[in-house]
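The structure appears right after this line, and notes come after that.
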Amino acid sequence: MRIGVLALQGAFIEHISILRRLGAEALPVRLPCELNSLDGLIIPGGESTTILKLMQSFDFFPPLRELAHDSFPIWGICAGMICLARNISNFDIETLAVMDVVVKRNAFGRQIDSFEAELPMPALGVKPFPAVFIRAPAIEGANSEVEILARLPDGTDVAAQQGKMLISAFHPELSRDPRFHSYFLKIAAC
Ligand code: GLN
171 MRIGVLALQG AFIEHISILR RLGAEALPVR LPCELNSLDG LIIPGGESTT
221 ILKLMQSFDF FPPLRELAHD SFPIWGICAG MICLARNISN FDIETLAVMD
271 VVVKRNAFGR QIDSFEAELP MPALGVKPFP AVFIRAPAIE GANSEVEILA
321 RLPDGTDVAA QQGKMLISAF HPELSRDPRF HSYFLKIAAC
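Heads up: the sequence shown is residues 171 to 360, going by my numbering.
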C-alpha cells in the first residue's frame, strides 16, 4: 500500500511516520507526477490559503479533481478539509470543490481557542477518539451522500466521509491513537 502525503506546507511528516508505523509505504508528494501509482492521498493540516495557492502554482488542481472524480481515496485534515470542500461559507477562495460539504474556516476562533475533545466515533470502535483541534474548521452543511463520522457535544459536525473521501477538522496525527489512519488504510485497500 502506497500512500502519498501532500507536502507543500503543513503537518506532513507526522502522517508519514504514523503510516509507516502501520506498515504502509508513505511518501511526500510535492509534484503532480508523484500522484501516479499511489493508493491514497492525505492533504494535511497547515494553512489552507498557502496550501491552495501552492496547489494552484504547481498545477495540482486538474489531477486531484480527476482522481477525486474517479473515487480515489483522499483524506483532508483541517486545512486539507478546506481544500476538498465544495464551498467555504466565510472565505472567498477557490478550493478543489470535490466533497459535497460547506465548511466554515476558523470556526472555533483563534489559535488560542484550540482544544482537545474525546469524540465518540462509531466507525473507529467504541472507545472515543482523542481529537486535537487547532484553529479548526467545522462542517456546516452536507448533502445526503455525505456520512457524518464525528460530532461535538454541541452538535457541530467535525468529520465525514463521502465514498472513499474523508475529512476531519481535527488532527489525528497528533494523538497517540492510530485508529483513524488505520481506517483510511482500510478504505484505500478496498
Ligand atoms: N486555520 C487554518 C486554515 O484555515 C487551518 C488550521 C489547521 O490546519 N490546523 O487554513
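Note that CB positions come from ideal geometry on N, CA and C, so glycine has one too.
Owing to the predicted nature of the structure, the values given are computational and were not obtained by experimental measurement.
{"query": "Mind listing, in chain order, the residues whose beta carbon lies closer than 6 Å to a non-hydrogen atom of ligand 1?", "result": "G215, G216, E217, S218, C248, A249, I252, R275, N276, I304, R305"}
{"query": "Measuring straight from C-alpha to C-alpha, what distance separates G250 and S345?", "result": "18 Å"}
{"query": "State yes or no: is the C-beta of Q179 within less than 9 Å of the C-beta of E204?", "result": "no"}
{"query": "Which residues mark the beginning and the end of the beta strand (DSSP E) in which R172 is found?", "result": "172-176"}
{"query": "Measure the C-alpha to C-alpha separation of T219 and L254 and round it to an integer number of angstroms.", "result": "13 Å"}
{"query": "Measuring alpha carbon to alpha carbon, tell me which of L197, N206, I263, E195 ends up nearest I221.", "result": "I263"}
{"query": "Could I get the ranges of all uninterrupted alpha helix (DSSP H) runs contained in the stretch 188-224, with 4 residues as the minimum, in chain order?", "result": "none"}
{"query": "Can you name, in chain order, every residue of its own chain whose Cβ lies under 6 Å from the Cβ of N276, other than the five neighbours on each side?", "result": "R305"}
{"query": "Report the partner residues of S338 according to the DSSP bridge assignment.", "result": "I247, A329"}
{"query": "How big is the Cα-Cα spacing for I183 and E315?", "result": "31 Å"}
{"query": "Report buried or exposed for E343, applying the criterion of at least 16 other Cβ atoms within 10 angstroms of its Cβ.", "result": "buried"}
{"query": "Where does F354 fall in DSSP's three states?", "result": "helix"}
{"query": "Pull up the DSSP beta-bridge partners for M269, would you.", "result": "A255"}
{"query": "So who's on the other strand from L237, going by DSSP bridges?", "result": "DSSP output for L237 lists no bridge partner at all."}
{"query": "Kindly list the residues whose CB is nearer than 7 Å to the CB of P202, restricted to its own chain and excluding five residues on each side of it in sequence; keep chain order.", "result": "F228, D229, F230, P233"}
{"query": "Looking at C-alpha atoms only, which residue of T326, P292, G174 is the closest neighbour of L237?", "result": "G174"}
{"query": "From which residue to which residue does the beta strand (DSSP E) around I318 run?", "result": "317-321"}
{"query": "Following the continuous beta strand (DSSP E) through A301, name the residue where it begins and the one where it ends.", "result": "299-303"}
{"query": "Check I309 in the structure and name its three-state DSSP category.", "result": "strand"}
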